[in-house]
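Written out below as structure tokens is the structure these notes cover.
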Amino acid sequence: MLSRRNVRIKIMQVLYAAQRQEFNSPRAYVSLLDTMARNTFKLYLENLLIIQRLCEYAKHDHATRQTKLRPSADDKSFRPALADNPAIRSLSDNVELSRVYDRHGVKSMIDADQILTLYRGFVKTDTHQAYLSIESPTNDQTVAMLLALYKWLQKQELFLNLVEDQFPLWLEDKSLVIGAIKKTIKAMPLEANFYEHYQAEGEAITDFGRPLLRFVVEADETLLERIKTVLQNWDADRVAMIDMILLKMAVGEFTQFPAIAPVVTINEYIDISKIYSTPKSREFINGVLDNLKKQLEKEGLV
1 MLSRRNVRIK IMQVLYAAQR QEFNSPRAYV SLLDTMARNT FKLYLENLLI
51 IQRLCEYAKH DHATRQTKLR PSADDKSFRP ALADNPAIRS LSDNVELSRV
101 YDRHGVKSMI DADQILTLYR GFVKTDTHQA YLSIESPTND QTVAMLLALY
151 KWLQKQELFL NLVEDQFPLW LEDKSLVIGA IKKTIKAMPL EANFYEHYQA
201 EGEAITDFGR PLLRFVVEAD ETLLERIKTV LQNWDADRVA MIDMILLKMA
251 VGEFTQFPAI APVVTINEYI DISKIYSTPK SREFINGVLD NLKKQLEKEG
301 LV
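Positions 1 to 302 (UniProt numbering) are the ones given, in order, by the sequence shown.
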């Protein structure tokens, strides 16, 4: 699920945290990166389980309506359509997925009362009413309803609080997770092992993230000296901490990942600096990396 862009940001965060906490072993850096990657997968699972639980609550609602002494017309006509469809059943009936939720502690993150509140809000929407009016919804209609449900959830303060309470860095992974959930919904009903595609142990971590992080940690002094050679009229100590981290990472990419075009690397770190560093960092990083690239090309290192 993680892209190289996401992994670069997480490595930057690891290196920044290390300078604040004074990590004393290379393993600590990789361990923190792996933890961040797992948390992104857990965030995906939590979003998915909220959707699943909200839909499953329709069965409880249906049972409650049926036991009323004086059911209304709405009670009599109500169907647990949110839960009683192949798409949601592919989640509810997935025993191994339930075990994955347990292994990552996701079930304990979600309170039943919060799900009830979200459910009561959604069943009042036009989206739910329109879906309920369809006697035999097609899979495309169910998928469209679930996408609308997820879009609705993202506008609910309760949903946002539920997620942010468990994952303070939700905003940094938001677009990634939302995209993954949408992709999951569009693929419903799902294969039993669908979640494996979104697990933390992807190529972006194993083949890119860990090797880059280890190199930057181990070659820290060498990278600093290399960067100093192109800091015209700048004292290295005056360079913003985030900027220096990004420069070291970029040089690591230049030299250790020849399959990634240097211009791609430069653009990636410029974009990251726009979000995480100072207003002037974009031009600074662009200039320094361009000079470093030319220097390394002359030496045959790129």
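Just so it is clear, CB atoms sit at the ideal spot from N, CA and C, and this is done for glycine as well.
If you draw a straight line from the Cα of residue 88 to the Cα of residue 52, it is about 7 angstroms long. At a Cβ-Cβ threshold of 8 angstroms, residue 200 and residue 93 do not count as neighbours. The C-alpha of residue 62 lies about 10 angstroms from the C-alpha of residue 56. For the pair of segments examined, the region 240 to 256 was found not to touch the region 66 to 73: the number of CB pairs separated by less than 8 angstroms stays below three. Here the region 74 to 90 does not lie against the region 37 to 44, with fewer than 3 beta-carbon pairs under 8 angstroms apart. When C-alpha distances from residue 25 are compared across 222, 225, 261 and 213, the shortest belongs to 213.
Within the same chain, 245 come within 6 angstroms of residue 12 by CB-CB distance, once the 5 residues on both sides are set aside. Around the beta-carbon of residue 137, 16 or more other beta-carbon atoms lie within 10 Å, marking it buried. Per DSSP, reduced to three states, the secondary structure at residue 246 is helical. The region 283 to 296 and the region 247 to 261 touch, with no fewer than 3 CB-CB distances between them shorter than 8 angstroms.
If only complete runs of 4 or more residues are kept, the region 74 to 118 shows the alpha helix (DSSP H) at 86 to 92 and 95 to 103, in order along the chain. Contact annotation: the region 183 to 190 touches the region 129 to 144, with at least three C-beta pairs closer than 8 angstroms.
With contacts defined by Cβ atoms closer than 8 angstroms, residue 184 and residue 149 do not form a contacting pair. The beta carbon of residue 23 is closer than 7 angstroms to those of 29 in its chain, skipping five residues each way along the sequence. Inside the region 24 to 68, DSSP marks no whole beta strand (DSSP E) run of 3 or more residues. Here the C-alpha atom of residue 54 lies approximately 7 angstroms from the C-alpha atom of residue 118. Boundaries of the alpha helix (DSSP H) harbouring residue 148: 139 to 153, taken from the DSSP string. Closest option to residue 218, judged by alpha-carbon separation, among 113, 107 and 249: 249. Per DSSP, reduced to three states, the secondary structure at residue 9 is helical. Setting aside the 5 residues that flank it on each side, residue 115 is surrounded in the same chain by 50, 53, 54 and 57, each with a C-beta closer than 8 angstroms to its C-beta; the list follows chain order. If only uninterrupted alpha helix (DSSP H) runs of at least 4 residues are considered, those enclosed by the region 218 to 293 are 220 to 228, 241 to 256 and 262 to 276. Judged by DSSP in its simplified three-state form, residue 299 adopts coil rather than helix or strand.
C-alpha of residue 298 to C-alpha of residue 280: approximately 28 angstroms in a straight line.
In this structure, DSSP gives residue 71 a state outside helix and strand, which the three-state scheme calls coil. Out of 301, 272, 288 and 32, the CA that lies nearest to the CA of residue 258 is found in 301.
Taking C-alpha positions only, residue 133 is separated from residue 153 by approximately 21 angstroms.
Ranked by how close their Cα comes to the Cα of residue 3, the residues 192, 172 and 232 have 172 in first place. Pairing residue 47 with residue 143 gives a Cβ-Cβ distance that is not under 8 angstroms.
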